[in-house]
Amino acid sequence: MRRLAARGAAGDAGEAAAPAAHSSDCAPGGSPSPGRLIDLCAVWDTGVVLPCADWSAASIGVSRRRLNEAEGLSSVQEAHLERHKAARPRGLGSREWGLVLRMARQQAPPWVHAAFLLFLLSLSGAIEIPMDLTQPPTITKQSVKDHIVDPRDNILIECEAKGNPAPSFHWTRNSRFFNIAKDPRVSMRRRSGTLVIDFRSGGRPEEYEGEYQCFARNKFGTALSNRIRLQVSKSPLWPKENLDPVVVQEGAPLTLQCNPPPGLPSPVIFWMSSSMEPITQDKRVSQGHNGDLYFSNVMQQDMQTDYSCNARFHFTHTIQQKNPFTLKVLTNHPYNDSSLRNHPDMYSARGVAERTPSFMYPQGTSSSQMVLRGMDLLLECIASGVPTPDIAWYKKGGDLPSDKAKFENFNKALRITNVSEEDSGEYFCLASNKMGSIRHTISVRVKAAPYWLDEPKNLILAPGEDGRLVCRANGNPKPTVQWMVNGEPLQSAPPNPNREVAGDTIIFRDTQISSRAVYQCNTSNEHGYLLANAFVSVLDVPPRMLSPRNQLIRVILYNRTRLDCPFFGSPIPTLRWFKNGQGSNLDGGNYHVYENGSLEIKMIRKEDQGIYTCVATNILGKAENQVRLEVKDPTRIFRMPEDQVAKRGTTVQLECRVKHDPSLKLTVSWLKDDEPLYIGNRMKKEDDSLTIFGVAERDQGSYTCVASTELDQDLAKAHLTVLGRPDRPRDLELTDLAERSVRLTWIPGDDNNSPITDYVVQFEEDQFQPGVWHDHSKFPGSVNSAVLQLSPYVNYQFRVIAVNEVGSSHPSLPSERYRTSGAPPESNPGDVKGEGTRKNNMEITWTPMNATSAFGPNLRYIVKWRRRETRDTWNNVTVWGSRYVVGQTPVYVPYEIRVQAENDFGKGPEPDTVIGYSGEDYPRAAPTEVKIRVMNSTAISLQWNRVYSDTVQGQLREYRAYYWRESSLLKNLWVSQKRQQASFSSDRNRGVVSRLFPYSNYKLEMVVVNGRGDGPRSETKEFTTPEGVPSAPRRFRVRQPNLETINLEWDHPEHPNGILTGYILKYVAFNGTKVGKQMVENFSPNQTKFSMQRADPVSRYRFTLSARTQVGSGEAVTEESPAPPNEATPTAAYTNNHTDIATQGWFIGLMCAIALLVLILLIVCFIKRSRGGKYPVREKKDVPLGPEDPKEEDGSFDYSDEDNKPLQGSQTSLDGTIKQQESDDSLVDYGEGGEGQFNEDGSFIGQYTVKKDKEETEGNESSEATSPVNAIYSLA
């Protein structure tokens, strides 16, 4: 993290946020008049004052510049800081004083010093006369001296001036009066002297070229503009010419001349081919400043394109192309010889003689050059030679000016910007290669057009006062000074006894009203001229204030601040400042009053807040104005963003916590690399932080937090480093070419802040697998060159991948191809096998050799085989693929097999012998004497006699038992008869079959298995598994309908595994850590329900249920009763499995909605009853509801509370007693309270319907008022 020293528009130095009186109001949020904000400027505590007039421009610039951190203090700052420590103001605590010292340590950026100079000028600058007072003319705007115009547009020559009375204008052209009225194309803008020459009706702009000068005149004098030289832009066509091919020997120098047509302004020159492809330039081939194309030495590849010079003209935006040059290069070697092209000493390999350097431009050993002060100096040296020379630059007797000098055009050009007299002297360029060196000396002379030392300023005097006009300028040669008055030479003007001319100064004594005039100073030499207007105005004016009254100024604590009080008067008034109406003048100590009347407060404190009054006085009267000063706390970032290093794809948070004056509006913004940060969808900006999600490489950079108010701002910067995958390597080059090796060199790409750990070199060949890349080798990340071992007869192409901790780069662009010479194979194919696919064949297969092991063209394989037992002669065949089938073979006999590689260069080494077998046939025999012994209810043991090897007819893989469940000993129980199998290794004659179902009938068969398949099946054996223990009961449920009763239900086990004899239920009461006595209940096998009474309403119960057969009890299942509603803290076991819906937001909302709905319905029912409405349930209640029910017509309906019926299958009576083994079809259970009935059509009507029918005999007044549902339907 770095704290930035610079502050913005009203920053750490305590800038006020008020513009000058002549500017617009400050930032939004300022108080309305009279609380308008006035011009107020601030300083760094190092003593640099910021002028008001230039502060806004400076503040804009600060957001566009990199703000550098101050690493230390200069000696002046240290002394200044010690002075602050010694003069600690009273009333400042250590914390506040520490803030002052921290501000004092901050180094002002360069633009602040420039602003300081502007401020000094503002204190002593020219006095502006208010426009309501009479004054001579002043030129405010004019065109540049060299005015070049576009011939396609109208011509505009600007000249604007101010004065009172408003001035009139006239022009001269070529020093003669220009009569505008006589030319219909020329007009002058209203209230301005700007000329407009209109060509819409025809005319040639060239006719109006010349030198123009504007005169602005009123009764007090005449002001002049510069002499404006008007020129029309020109873009002449290129002359037609036929260019013969340029024939040149390889290695010789060459210059292709451009010679562009002269244009105004000069065109921009660039070289391209006739197909508009840019010419690649480097230190061997480059364009000179004159537009010519220089070849230090010509190479064969330069013939691949032609060369055309192009000129781009600025005003017309056109490009003209010269006829192209074509080159014919005479060479001793063909271009496509790759061994020479990659040779480390390419010139000698191609037969090009090496030469010492010689200069192509400039010629000779020395030259001279003249440049004007303030312009750019461009020195150029272009040399030929083999190898291409390097250029270096030096200055005789000193160093090159590092702050202004830069090298261009591959070091062939030296540019020095903003030349001054100190840059004159002798420069020399040194061209060198391994054959030698040569140098050229350039003598630089710096001349200067006139420049101001003391420009004349307007002179405002009272009658009888003295004054002077000074016009001092410098140049090389020394410029001459000429004075004029109202546009006429001073010598020809009427004599004035109060005026005396002394060279570059005019002295006025006892000035009177008649002395008013505009004086011109013209200073010139052979390189240019300067013209300045300055008027002499004689006024008798009492003091007046030029800024609004009762203004509000807000300023930051501890800043240095300047209060301006713009005023005018003649004679010049004296100005004094007072605070809060007190009589003592403010000057000295913490206050300082400048000559122009500005009051500087060196360091603002809280007690400086108040009302300040400025009073201007001269012999004609006085004027005063008041300013109210408010002191605000500074804006400070107290938790700053810190430098971070993050991997790509992670999340980064930059903190920025700010303390500021609560009366000011705070705005926190972010910059990235000193530009405004765009907050995209991957970023989240909060008041005190910036979060970046999924960091990418483009997010790397410096992030600046800008905390700003209307008055000041604070900045803090942090750098985010993103670790990304490396950039791809580039510029692959093959050198040191040999038969079995090559050196590959590459230029590493950017590691993106994570060091490169490895380089992976890949290759591709275009014969066997074109387009497929294979890994060749791996090298450490510290190298960029490696020797690669190659295989014969491969057309290699290489690429390189860089690897770091983040990941792998994209592959580099491929290198050029390199083919190695051929050779016989040095290896044979691997993984040779001989296997039968049928009973009378043998298929020989192998893994084909790849391109790097083929070693030559037409790779093929010599396949040999013979019977192993008979040792017959070898059979052989040549195969081009990777398999061969031998036919008519006996069943499963061994063969000796050999596969040898061969190409056009010869055979590979003798191959190894591999044993293979011909095809197998199905086994002929089955296992015998199969015996079964039942081990338990789920497993049996097997034993059998092995078969003879000659019956296997192949390789014996295993013995396999097939078995299936024929039936269960339980009646009416469906079983799956899917066959299952158990395998046993070929060397065994016994085994165990497990995971059988108890209490079932099984059948079993055995077979022999070889590579072809199963043999014949053995005799089918039958066996029966005994009874076992059952599985756990299914769907064990515990319900608690009330606080006294607990109901249990379950289903029969999925696998009884025998005849069920009953169920065992064990349960125990518990309350927290207290556990009661365990109780046991036994049930018959048909019972699946149980109800019990709770011993107390607080305890819970844990139930364990299991089924049993004659063998014993099976797996148990455990459940717990729900927690009582009044139990505040449920046990952990219950909490993990249940959620108390009474505390859920959705449940509470639902209950509230139901209560509101019921309330509304009750109100509606009450209104209906009060009206005497009747609500018939059904006029014909004996008529059953059908598809067209009468309720559709009269709006009534039957309400049967079917939702309150007990669940089907429930065996619990309404009185809470236990009903065991009763019928599930009891109709009484469907009624409520035993009063349920059936109607005539057999449908059931519950208790609620019965009550309605009873009440109908008493009338409909009250029969349905209690039903909110009926109320809704009655409204419908």
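Read in order, the letters of the sequence shown are residues 63 to 1338 in the numbering used here.
Backbone N, C-alpha and C define an ideal beta-carbon position, used for all residues, glycine too.
Taking all protein chains shown into account, decide if residue i is buried (16 or more other Cβ within 10 angstroms of its Cβ) or exposed.
| i | result |
| --- | --- |
| residue 1214 | exposed |
| residue 1228 | exposed |
| residue 231 | buried |
| residue 1133 | exposed |
| residue 995 | exposed |
| residue 408 | exposed |
| residue 616 | buried |
| residue 1183 | buried |
| residue 1010 | exposed |
| residue 1007 | exposed |
| residue 893 | exposed |
| residue 263 | exposed |
Only counting the same chain, and skipping five residues up and downstream in sequence, which positions put a Cβ closer than 7 Å to that of residue i?
| i | result |
| --- | --- |
| residue 334 | 340, 341, 370 and 372 |
| residue 229 | 199, 223, 278, 279 and 280 |
| residue 721 | 698 and 700 |
| residue 591 | 512, 584 and 585 |
| residue 563 | 545 and 552 |
| residue 394 | 412 and 413 |
| residue 1020 | 1045, 1046, 1047, 1048 and 1071 |
Between which residues of its own chain and residue i is the CB-CB distance below 6 Å, once the five residues before and five after are set aside?
| i | result |
| --- | --- |
| residue 790 | 811, 871, 872 and 874 |
| residue 282 | 198 and 578 |
| residue 960 | 926, 973 and 975 |
| residue 633 | 524 and 680 |
Residues in the same chain with beta-carbon distance under 8 Å from residue i, minus the five sequence neighbours each way, listed in chain order, please.
| i | result |
| --- | --- |
| residue 889 | 911, 915, 963, 970 and 971 |
| residue 1024 | 1041, 1042, 1043, 1066, 1067, 1068, 1069 and 1079 |
| residue 438 | 477, 478, 479, 480 and 481 |
| residue 501 | 427, 490, 491, 492 and 493 |
| residue 201 | 221, 222, 223, 276, 278, 285, 286, 287 and 595 |
| residue 567 | 530, 531, 532 and 533 |
In terms of residue numbering, what span does the alpha helix (DSSP H) encompassing residue i cover?
| i | result |
| --- | --- |
| residue 1226 | 1207-1232 |
Out of the options, which one is the CA nearest neighbour of residue i?
| i | options | result |
| --- | --- | --- |
| residue 355 | 314, 318, 380 and 573 | 318 |
| residue 668 | 683, 688, 692 and 681 | 692 |
| residue 1112 | 1097, 1121 and 1126 | 1097 |
| residue 554 | 560, 546 and 561 | 546 |
| residue 801 | 1088, 999 and 880 | 880 |
| residue 254 | 203, 246 and 896 | 203 |
| residue 876 | 324, 835, 867 and 845 | 835 |
| residue 1108 | 196, 1158, 233 and 977 | 1158 |
Name the DSSP bridge partner or partners of residue i?
| i | result |
| --- | --- |
| residue 542 | 586 |
| residue 551 | 546 |
| residue 827 | 858 |
| residue 1185 | The partner list for residue 1185 (beta bridge, DSSP) is empty, contrary to what the question assumes. |
| residue 708 | 784 |
Along the chain, where does the beta strand (DSSP E) that runs through residue i open and close?
| i | result |
| --- | --- |
| residue 914 | It is not in any beta strand (DSSP E) - residue 914 instead sits in the alpha helix (DSSP H) that spans 913-916. |
| residue 927 | 922-929 |
| residue 664 | First-last for residue 664: undefined, no H or E at that position. |
| residue 1178 | 1175-1182 |
| residue 1083 | 1083-1086 |
| residue 1046 | 1042-1047 |
| residue 457 | 452-457 |
| residue 1401 | Missing from the structure shown is residue 1401; the chain here goes from 63 to 1338 and no further. |
| residue 895 | 892-897 |
| residue 285 | 283-286 |
| residue 198 | 197-204 |
State yes or no: is the beta carbon of residue i nearer than 7 Å to at least one beta carbon in chain B?
| i | result |
| --- | --- |
| residue 284 | Judged by its chain identifiers, the structure shown contains no chain B, having just a single protein chain. |
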